[in-house]
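Participant: Residue numbers (this note's numbering), protein chains in the order written: chain A, 2 to 223; chain B, 2 to 223; chain C, 2 to 223. The beta carbon of each residue, even a glycine, is placed where N, CA and C say it ideally should be.
1) Residues of chain C with CB closer than 8 Å to the CB of residue 213/B, please, in chain order.
2) Expressed to the nearest angstrom, what Euclidean distance is found between the alpha-carbon atoms of residue 23/A and residue 30/C?
3) The stretch 167-201 of chain A: which residues have C-beta closer than 9 Å to a C-beta of chain E, in chain order?
4) If you follow the alpha helix (DSSP H) that residue 87/B is part of, which residue opens it and which one closes it?
5) Closer than 8 Å by beta-carbon distance: list the chain B residues that pair up with residue 149/C, in chain order.
6) Residues of chain C with CB under 8 Å from residue 36/A, in chain order?
7) Indicate whether residue 33/A and residue 89/A have their beta-carbon atoms separated by less than 8 Å.
8) Who are the neighbours of residue 52/C on chain A, taking C-beta pairs under 7 Å?
9) Give the range of the alpha helix (DSSP H) segment to which residue 151/B is assigned.
10) Name the one or two DSSP bridge partners that residue 215/A has.
11) Can you tell me whether residue 210/C is helix, strand or coil according to DSSP?
12) Can you pull the chain C residues whose beta carbon is under 7 Å from the beta carbon of residue 41/A, in chain order?
13) Establish whether the CB of residue 74/A and some CB of chain C are separated by less than 8 Å.
14) What first and last residue would you give for the alpha helix (DSSP H) that runs through residue 164/A?
15) Which residues, taken in chain order from the stretch 77-89 of chain A, show a beta carbon closer than 8 Å to some beta carbon of chain C?
16) Determine whether the beta carbon atoms of residue 147/C and residue 58/C lie at a separation below 8 Å.
17) Span of the alpha helix (DSSP H) holding residue 186/C?
18) Name, please, each residue of chain B whose Cβ falls closer than 7 Å to the Cβ of residue 60/A.
19) If the criterion is Cβ atoms closer than 8 Å, does the pair residue 139/B and residue 126/B meet it?
20) Against chain C, does residue 154/A count as a neighbour if the rule is that its beta carbon must be under 8 Å from one of theirs?
21) How far does the alpha helix (DSSP H) with residue 111/A in it extend, from its first residue to its last?
22) Let me know if residue 144/B comes out buried or exposed under the rule of 16 or more other beta-carbons within 10 Å of its beta-carbon.
23) With a Cβ-Cβ cutoff of 8 Å, do residue 106/B and residue 141/B count as a contact?
24) Comparing alpha-carbon positions, which option in 43/A, 102/A, 94/A, 190/A lies nearest residue 21/A?
25) Secondary structure at residue 29/C, three-state DSSP: helix, strand or coil?
26) State yes or no: is the C-beta of residue 195/B within less than 8 Å of the C-beta of residue 177/B?
27) Counting only beta-carbon atoms, is residue 33/C nearer than 8 Å to chain B?
28) Reducing DSSP to helix, strand and coil, say where residue 71/B ends up.
29) Within its chain, find whatever has a CB closer than 6 Å to the CB of residue 206/B; leave out the 5 residues flanking it on each side and keep chain order.
30) Mind pulling the chain C residues with CB within less than 7 Å of residue 67/A?
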């Protein structure tokens, strides 16, 4: 395992990686738990729980890698991530009864994960020669498409399209990161700023129930 | 922008490209608007509108490129397409109230787009050494899978599997294009024929409410 | 056609391929029929039937190849598979009225297909340098994700997450195959064991209505 973690370090062009790795591991575990809870709402069996946990945690990065042509896909080189997210999903079936006591902590971990996913997605795209809008979309794909896959597999309209500012936080983090980067800010300071401001933005949006304006259209003329 | 349009020209092996490019830009804008309306029917926020617009317009080409292994994926080299479809999607939230007056124009643009997407899809696959059935499927994937993704994300059974001849028009265009091509017909004349006949076929199917036979099966014995 | 079948033989590293190919062809036909029946339950037109049949039969292998980066994707080199699954799907619209008489045969073919898909998926991943958990996931992706795509396109929660042991059989077959392989067992004997035990396991699970424990979670606090 220490070997593949070393590979993981080398695969990043950013410093401060021990911290980012830690946050990443927390992020995929949190996403896996959120997937397991969604599977439980559909009364799935424990195999379904494991699949939805895996897809929610690692599906966003998979879609990003496929779109960017970034082979081999991240988790295929890190079996320990696969074990971690399946374990986190299965553990959730036992821990679920206590989870409503942890709502606040869970949302904080989820917000940290959203920032980490967005930064990692941008970082992967920066290794290629993609235009800036593609780099931003890579960050957002990593941040939000795992949750979209989860909702599609659970047969519901993705909550990310209706929830309190979530995707917007990912967009904000990606733009801030690229802006500070092109302004020559040191990578460590840049990432710290993204974490503090992105996390604060998401927490504030939750507390204030900020939402984007909604578009409603009921005519059927097509 | 003119630089990337030049790249776009070079990336095609067909002549008459200024016209095809124009039709393509109209096509992705029309698809983006159709995606935005579908998002509005699910009361999504404006972020959701932008995502569904993007996926409807450029998702079909993305799936085609992933299946063919055609990297880098088209829109990642054309940031202006990304901006265009997101703008078209967001503009739809303002223009929606007037759109039922434009039903006829909208369906005509959509039919033109369907033909353009099908031709472009075939053209991309022809650059590789794929069998003819894969070339046809690449054309149809480009033409219809954006709409399928839109419907899956909006949690409904894809209308393309039930609507008036839509996929059939795409199939007809792809087969006609490849047939005329192997008969040695000049590319410009070939594309013109495909447009006239494909567009006419679709318009006629709409006016006459032509549908394919339906298969209904209600037993549950599996 | 004989040429591409020869290619197919060469593309495998396992012996006993004439038999495996036969089982594979039966498997994709059976999957195509299962897709067509699902499309019929949604009253799709015959185009929709053909698409769902194709996706159910060949979609799992497509996802596996995309995730592994195994280009060109299998069916693009085998047009005869595409014709076969579309034909099987369309034939189902005629044969459907008789199919409830064949329930038992259908489930037996489906079980054989599940084992064949799992073995082929593992075999493809073994050609690359992937960790063992990725090899197992490649086998399971091939075995079950076609059915997941079918259910998503038909707008229902995938049955594989709730049905009698199905994915579990795929997991069992993959682990058994890799275990016997690393124990040095001859490939032919290995595959035979996987077929007998995997098929028996699935048939027994159906007869006894074995199910995995289910996880139900109804709180909505997120």
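Facilitator: To lay it out plainly:
1) 46, 47, 48
2) 47 Å
3) In the displayed structure, chain E is absent; the protein chains listed are A, B and C.
4) 80-96
5) Result: empty, since nearest Cβ-Cβ is about 12 Å, beyond 8 Å.
6) Ordered by position in chain C, no residue passes the 8 Å Cβ test against residue 36/A, which lies about 11 Å from the chain.
7) yes
8) Within 7 Å Cβ-Cβ: nothing; residue 52/C doesn't reach chain A, min ~17 Å.
9) For residue 151/B, the enclosing alpha helix (DSSP H) covers residues 133-154.
10) The bridge partners DSSP lists for residue 215/A are 46/B.
11) coil
12) 216, 217, 218
13) yes
14) Counting along the chain, residue 164/A falls outside any alpha helix (DSSP H), and DSSP gives it neither H nor E.
15) 77, 78, 80, 83, 84
16) With respect to residue 58/C, residue 147/C sits close: the two C-beta atoms are nearer than 8 Å.
17) Neither: residue 186/C is in no alpha helix (DSSP H) and is coded neither H nor E.
18) Ordered by position in chain B, no residue passes the 7 Å Cβ test against residue 60/A, which lies about 14 Å from the chain.
19) Yes, the Cβ-Cβ distance between residue 139/B and residue 126/B is below 8 Å.
20) yes
21) 104-127
22) buried
23) Their beta carbons are not under 8 Å apart, which means residue 106/B does not touch residue 141/B by this criterion.
24) 190/A
25) helix
26) Yes, the Cβ-Cβ distance between residue 195/B and residue 177/B is below 8 Å.
27) no
28) coil
29) 165, 166
30) 67
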